[in-house]
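Report on the structure given below.
Number of protein chains: 2
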Amino acid sequence: MKHFTIEVSDSQTAARCGILYTGHGPVRTPAFMPVGTRGCVKGILPGQLKQTGAEMMLANTYHLLLRPGVEVIESLGGLHRFSGWEGPILTDSGGYQVFSLSSLNRVDDDRVEFASHIDGSPVVLDACSATRIQNRLGADIIMCFDECTPYPCPLSRLEKAVERTVRWAQLCRQSHQNPRQLLFGIVQGGTDLTLRRQCAQALTAMDFDGYAIGGLSVGEGHDALVETTQFTAPLLPADRPRYLMGVGMPADIVAAVRAGVDLFDCVLPTRNGRNAFAFTDDGPIRLRNSQWTQDSGPIEEGCPCPACRTFSKAAIRHFFNVGEMLGPILATLHNLTYYHRLMNTIRKTIRDGTFEVWSRTFIEKHKKESQMEISETQERKECL
Amino acid sequence: MKHFTIEVSDSQTAARCGILYTGHGPVRTPAFMPVGTRGCVKGILPGQLKQTGAEMMLANTYHLLLRPGVEVIESLGGLHRFSGWEGPILTDSGGYQVFSLSSLNRVDDDRVEFASHIDGSPVVLDACSATRIQNRLGADIIMCFDECTPYPCPLSRLEKAVERTVRWAQLCRQSHQNPRQLLFGIVQGGTDLTLRRQCAQALTAMDFDGYAIGGLSVGEGHDALVETTQFTAPLLPADRPRYLMGVGMPADIVAAVRAGVDLFDCVLPTRNGRNAFAFTDDGPIRLRNSQWTQDSGPIEEGCPCPACRTFSKAAIRHFFNVGEMLGPILATLHNLTYYHRLMNTIRKTIRDGTFEVWSRTFIEKHKKESQMEISETQERKECL
């Protein structure tokens, strides 16, 4: 059975509406995956996550590898049973976190040695072990182990990273031993379009179940992000799902859908929510702001999330102000609902032929917010 | 309309099953009220609270007075709208927190001057202002302003506290200006039975809507708690609800129901939950314990709470271990469900005539746990 079908292709942009079939049910694309770093979205129960509109969750191999360990999750029957999330799950390969969170001891063409960011203990990951670990965690979609580069990055390092990423992708393909899982390749190359093409061509030849564009949303800004995505997406097979990793702000997502991307994940709705930053159609608001002290209205009129249905901005501001957990929880629920409603609007407008106009207007209105991502990204290392 | 009806009186003990009618619906008694200190039970949404079986919530006047302030809550339409909890709410008078949390500057027969535990700013409370504040917060049941004594306490101080508590009760009665609220008197007197009788008689003469036994569960231990309750409860009018404040461990509650108590509140299920301590029919378990590392079973077999229905002990232990909010949230949901199931069993066995035997067996089995409360109580000041 084909694991991805495109149901509607937009006639004016490269956007498409499809269904991604997984071992734990279908996902309507374009889709956004909330990040459940350590087996859950912070503070959110699986039932609540579903209510926000989420159909698929991402979990971080790096974090789960360190705690509670692969053995524990495997012995309990895998990630779905462990996390209580019955829908589809995608695990990343750990590459991004190894290169951004840990103290690297040694990187060579075969493997990465690093010190755990928790207790400094030494860990080694390579293409084979990262794949086997993901095989054992049991997510529905797993990712190739790749080398992530920062931004900006010297060309020589970008070249080396692409070379390793391609070599490792081949090894991941060979190591993959769980037929219930789809394996996606990851295109690297920073904002260098020549390297992106080279990497995309090499990976496409390996025939992966899907293809990700990695190494973006690391500080390059909205325009470079969009330009690189617009260039790279069409290089990937049209009949396979395309996944833009770690993206992003609402305008980034809409622009990437225009370029033909189907899947997204990002910590912004959840991490920003925990920091009292709420997304709305009229732009983001800061819930700690004293202007909400006596505001009896919801975060966003008409929003069906539990925060907006039950609480005034004044109450939510109070919760943040007194350090009450419910503040971060409510803002997270609202932001995830906002993101999933956005994806719903994207799918709906693609289907009814209004996506080109709608998306242009949306990007125009929200593009400025995307500039905020740069500074947010800079604190990513601490907050992840 | 009568606000309290007794439907079944146990023939072998003083226990009774009744219904307390409030402006926000009926409460089946004996009932347990979870503590929503600052307008919510920590980490728990109103819908989740209801699912645990809660019918009534308690909120702390002292905390709400300091933040966000009475004006804010009043301007937003009162505590129910602010907290999103549509069921009955009881507010305490602030007395307990004033005497336990704040730095007291001056206490005299008329009023208490203290420094806020948040910013040290000076606050004055007296019987009249504590009542008017509660009138404005808008809970369904409000409490008289009383002087709480620690344990142990010299007789002269106990006497003074009872004298003030009685005088203030009269003033609260006169100041009370919200006819939609029931006003309860509070009996003080520590473990001195003569003072308890004196206080109970004086308050009974004032004809309150209900009567509380205060100043217990402050370190006196299970036996003294039960003895004082057994002595005091029958001194209070049989046709009014009796409320044992701040109690307690499961065996304390069951013993107090035997003595004729109808209402309880306590931070134990919630605070202990946040500290990874879970109540079960086989006694409490500590969820951080390494013995659960690979345990695929729920906290308690057959428990209908979201923690037990969805997560293994191994997953919950992991959440506590990595500092994930979901740990405290899940343990809180479990403990509240445990408490409300306990109250349900109490009501059921009173109705079917098996309460005497059931309660004796229960207390025998769980009494030892109540000894743990003493040390828990000692850290109350920090944790509240």
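Respectively, the protein sequence lines represent chains A and B. The numbering used here applies: residue 1 is where the first sequence begins, and numbers increase by one. The numbering used here applies: residue 1 is where the second sequence begins, and numbers increase by one. Just so you know, even glycine gets a beta-carbon here, dropped at the ideal spot from N, CA and C. Being a predicted model, the structure only gives us computed values, none of them experimental.
Candidates A/54, A/168 and A/157: closest to residue 206 of chain A by CA position: When each option's Cα is compared against that of residue 206 of chain A, the closest is A/168.
Under 7 Å (Cβ pairs) to chain A, residues found in the stretch 302-314 of chain B: Taking 7 Å as the Cβ-Cβ cut-off against chain A, the residues of the stretch 302-314 of chain B that qualify are 306, 310, 311, 312 and 314.
Backbone secondary structure at residue 419 of chain B - three-state DSSP: Within the shown structure, residues of chain B are numbered from 1 to 384, placing residue 419 of chain B beyond reach of any answer.
DSSP-derived helix/strand/coil call for residue 186 of chain B: strand
C-beta contact flag for residue 276 of chain B and residue 288 of chain B at 7 Å: Contact: yes.
Endpoints, beta strand (DSSP E) assigned at residue 107 of chain B: Here the beta strand (DSSP E) through residue 107 of chain B covers 103-107.
Enclosing alpha helix (DSSP H) for residue 328 of chain A [first to last residue]: Start and end: 326-352.
Limits of the alpha helix (DSSP H) - the one that residue 175 of chain A falls within: 155-175 is the extent of the alpha helix (DSSP H) around residue 175 of chain A.
Beta strand (DSSP E) segments (min. 3 residues) lying fully within the stretch 31-111 of chain B: 31-33, 57-59, 89-91 and 103-107
Proximal residues of chain B, C-beta to C-beta of residue 38 of chain A below 8 Å: Within 8 Å Cβ-Cβ: 318, 319, 322 and 324.
Where residue 303 of chain A falls: helix, strand or coil (DSSP): coil
Spatial distance of residue 383 of chain A from residue 271 of chain A (CA atoms): In this predicted model, residue 383 of chain A has a pLDDT of only 35, less than 50, meaning its place in the structure is not dependable; the value taken from the coordinates is given anyway. Using only the alpha carbons, I get a separation of about 8 Å.
Where residue 195 of chain A falls: helix, strand or coil (DSSP): helix
Residue from A/325, A/321, A/313 and A/330 with nearest C-alpha to residue 305 of chain A: A/330
Chain-order list of residues whose beta-carbon lies under 7 Å from that of residue 3 of chain A (same chain, five-residue window excluded): Contacts found: 20, 21, 182 and 209.
Sufficient close CB pairs (3 or more, under 8 Å) joining the stretch 306-317 of chain A to the stretch 21-41 of chain A: No, the stretch 306-317 of chain A is not in contact with the stretch 21-41 of chain A.
Neighbourhood of residue 12 of chain B by C-beta distance below 8 Å, restricted to the same chain and skipping five residues each side: 355 and 356
Beta-bridge pairing of residue 6 of chain B - partner residues as DSSP gives them: B/18
Alpha carbon of residue 380 of chain A to alpha carbon of residue 265 of chain A, nearest angstrom: Below a pLDDT of 50, predicted positions are generally treated as unreliable, and residue 380 of chain A, at 41, falls in that range; the measurement from the model is reported next regardless. If you take the alpha carbons of residue 380 of chain A and residue 265 of chain A, they lie about 14 Å apart.
CA nearest to the CA of residue 166 of chain A, picked from A/191, A/151, A/143 and A/346: A/143
Cβ neighbours of residue 63 of chain B in the same chain (closer than 6 Å, five flanking residues each side left out): 37 and 38
Beta carbon of residue 350 of chain B nearer than 7 Å to that of residue 112 of chain B: no
Interface flag, residue 365 of chain B vs chain A, CB-CB below 7 Å: no
Pairwise C-alpha distance: residue 139 of chain B and residue 176 of chain B: 13 Å
DSSP state of residue 124 of chain A mapped onto helix, strand, coil: strand
Cβ-Cβ distance between residue 215 of chain B and residue 199 of chain B below 7 Å: no
Contact residues within the stretch 75-87 of chain B, judged by C-beta distance below 8 Å to chain A: 75, 76, 77, 81, 82, 83 and 84
Contacting positions in the stretch 223-243 of chain A - beta carbon closer than 8 Å to chain B: none
Chain A contacts from the stretch 255-285 of chain B (Cβ-Cβ distance under 8 Å): none
Residue 35 of chain B at chain D interface by Cβ criterion, 7 Å: The structure shown contains no chain D; the protein chains it does contain are A and B.
Paired residues, beta bridge with residue 113 of chain A - DSSP: A/106 and A/124
N- and C-terminal bounds of the beta strand (DSSP E) containing residue 265 of chain B: 263-265
For residue 29 of chain A, the residue or residues it bridges with in DSSP: Residue 29 of chain A is bridged to A/18.
Cβ pair count under 8 Å reaching 3, the stretch 42-54 of chain B against the stretch 331-339 of chain B: Touching, per the Cβ criterion.
Close Cβ partners of residue 155 of chain B (< 7 Å) along its chain, the five nearest in sequence each way excluded: 192
Residues near residue 342 of chain B in its chain [Cβ-Cβ closer than 8 Å; skip 5 each side]: 32, 250, 253 and 254
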